[in-house]
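Quick note: to get this note's numbering, add 149 to the position in the sequence shown (first position is 1). All C-beta atoms, glycine included, are put in the ideal place defined by N, C-alpha and C. Predicted model, so just to flag it, every value in this text is computed and none were measured.
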Amino acid sequence: MLINLISDTVTKPVPEMLEAMMQAEVGDDVFGDDPTINALEKKAASMFGHEAALFCSSGTLSNQIAIRLNTQPLEEIICHKSSHIFWYETAAYAMISNVVINPIDSDDGKLHPDQIAQNQKPLIDWLPYTSMVEIENSCNREGGCYYTYAEMEALSAECKRLNLKFHLDGARIFNVLVETGDQPSDIGPMFDTISVCLSKGLGAPVGSMLISSAENIKKARRIRKSLGGGMRQAGYLAAAGIYALDHHIEKLRNDHAKARHTESLLKSLPYISSIKPVFTNIVIFDLAAQISTTHFLDYLKSNGILATAFGPKTIRFVFHLDITESMMPHLEKCLKSYLP
Ligand SMILES: Cc1ncc(COP(=O)(O)O)c(C=O)c1O
C-alpha cells in the first residue's frame, strides 16, 4: 500500500474516468473542432457565470495567460506573498508579461481589501503601474485556508473602485465551495479571470480551465498558441475534466474529513511543535526542534507513506481521492509509533 501525501496532483484516473476518456469524441482543437473540449469549455464557463473558457494544459499556463490578459509591460501585480504565481511559476510573469509582483504579507495568509489601496503605486513616471490583483483560493502555502464569499466580494469591490483587474487562482476553488456552500456562479462574476485546476483534488490527469469574457478568451487562445499550448485531439483529456466536474466535487469533503482527523491526531503527538489550522485538504505542521526532518520523512517512506518538506522543520500532507478510508489506520499507526 502506498499512501502518497505529497500533493493532490498525484491522483490516477478512476476506471470510470478512463472509460469516459476512451469514449470521447475528438477533433483538432487548434481549429476549434474538438467537441469534447468545446463541451468542457462551455460547461466551465457557465458554471462560473462567465461567457467563455479555455482548456489549458496546466494551472501555471492558465495563470500566466490571465496575467498576460490583465497587464501591460512595466506594470505590477498585487498578491499575497505566499501566492503560487509568486513562488512556483518560475517568475514567468517577468518573461511572458514583463511585469513584477508586489508580494503582500498578512497574519492570516490572506490579502485584505485595505492592503490594495495601501500598496497601489501612485501614477508617477518612474514607478510601475499597479494593474492587477490576484488571490489564491484556497491558499496552498498557507495550509489550505480560504477566502469566504464576503471576503472575495470586498476585495472585488475594492478592485473595481481602484480600476484594477482581479484574477482568481482557483486551483482548489472547489475545496472552498464545498466548505462554504456557495455556488461557482455566486463567486465567478466577482473576477475578471479565473483559473480552475482539474488535475488537483478533482482527480483528472491533466488540465486547467481559464474562465473569462468571450473577448478575453478569444485573446487567450492566441496567447496560449504563442506559448506552445495549443493542443490537437486533447478531447480525451477534456473528457476526464468533464467526468471530474460531474463526479468528484462532492468527494472533496472526504479529503477534508481525513485532513481534520489527521490534524487532531497530530495535536496529540509529542514530536510535533505546531500545526496550522486545517480548513480543507492540506495539513501543514512543524516538527519539534530536536527532530530531524529527513529522519521523519525517511521513516514514513520506509512505511509506504510519502510526504514532502515544506521548510526546514515543516511538513505538508495533502489528502486527495487516492487516499482511501482503508489507508487511514496505517497512517495513524505509523504517526503514533514514530520514535525520533
Ligand atoms: C494554487 C496553485 N495554483 C496553480 C498551480 C499550478 O498548477 P500546475 O501544476 O498544473 O501548473 C498549483 C499547483 O500545485 C497550485 O497549487
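Residue i Cβ short of 7 Å to ligand 1 heavy atom set
i, result
"Ser207", "yes"
"Cys294", "no"
"Thr158", "yes"
"Ser231", "no"
"Asp182", "no"
Residue i in three-state terms, based on DSSP
i, result
"Met380", "coil"
"Val179", "helix"
"Phe315", "strand"
"Ile398", "coil"
"Tyr448", "helix"
"Arg465", "strand"
"Asp404", "helix"
"Phe204", "strand"
"Tyr278", "strand"
"Ile273", "coil"
"Pro222", "coil"
"Asn365", "helix"
"Asp435", "strand"
Sub-8 Å separation of residue i and residue j beta-carbons
i, j, result
"Leu210", "Ala387", "no"
"Ala383", "Leu347", "no"
"Val159", "Asp471", "yes"
"Tyr298", "Asp341", "no"
"Ser207", "Glu283", "no"
"Pro252", "Lys270", "no"
"Thr429", "Arg290", "no"
"Leu317", "Asn286", "yes"
"Thr185", "Glu200", "no"
"Arg381", "Asp256", "no"
"Val427", "Gly292", "yes"
"Phe351", "His397", "According to the sequence as given, residue 351 is Leu; it is not Phe. In contact: Leu351 and His397 (Cβ atoms closer than 8 Å)."
"Met196", "Pro354", "no"
"Lys400", "Met477", "no"
Buried or exposed by the 16-neighbour rule on C-beta atoms within 10 Å, applied to residue i
i, result
"Leu151", "exposed"
"Ala243", "exposed"
"Lys450", "exposed"
"Met339", "buried"
Close beta carbons around residue i, own chain, < 8 Å, minus the five adjacent residues each side
i, result
"Leu223", "Asn247, Val248, Pro277 and Tyr278"
"Ile245", "Gln213, Ile216, Arg217 and Leu376"
Same chain, Cβ closer than 7 Å to residue i, five either side skipped, listed in chain order
i, result
"Tyr420", "Leu436, Ala437, Ile440, Tyr487 and Pro489"
"Ile454", "Ile152, Leu154, Leu480 and Cys483"
"Ala202", "Glu190, Ala193, Ala194, Met358, Leu359, Ile360 and Ile366"
"Phe235", "Cys228, Ile250 and Pro252"
"Phe466", "Leu154, Thr411, Val432 and Ala456"
Residues near residue i by beta carbon distance below 6 Å, same chain, minus five either side
i, result
"Ala169", "Ala388 and Tyr392"
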